[in-house]
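Residue numbers (this note's numbering): 6 to 79. Beta carbons are placed, not taken as given, at the ideal position from N, Cα and C, and that holds for glycine.
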């Protein structure tokens with residue numbers, strides 16, 4: 006396997022892992038601070054997590070000039 010391929014996959018997994026950790030922390034902080042409980046807590050946490058996750062990936066793509074999923078390819 007080429008060095009560039011290994012670097013690309015390593016960067017991909019590290020980026021995804023960072024986005025997961027940051028999105029989870031942010032969504033938990035916001036939901037806990039709002040005092041939401043029960044099913045609405047689950048739903049709010051899920052929606053916030055998804056929004057933060059994709060926002061973080063988009064930000065990483067813009068800052069580091071990398072492409073995670075290749076949606077812009079034609």
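- Spanning the alpha carbons of residue 26 and residue 54 requires a straight line of approximately 10 Å.
- Secondary structure note for residue 20: its alpha helix (DSSP H) is the uninterrupted segment 8-39.
- Residue burial is scored here from C-beta neighbours: residue 62 has at least 16 other C-beta atoms within 10 angstroms and is therefore classed as buried.
- For residue 42, there is no enclosing alpha helix (DSSP H), as DSSP marks it with neither H nor E.
- Look at residue 66 here: in three-state DSSP terms it is helix.
- With fewer than 16 other Cβ atoms inside 10 Å of its own Cβ, residue 37 counts as exposed.
- About 4 Å separates the beta carbon of residue 28 from that of residue 57, a gap short enough to meet the 8 Å contact definition.
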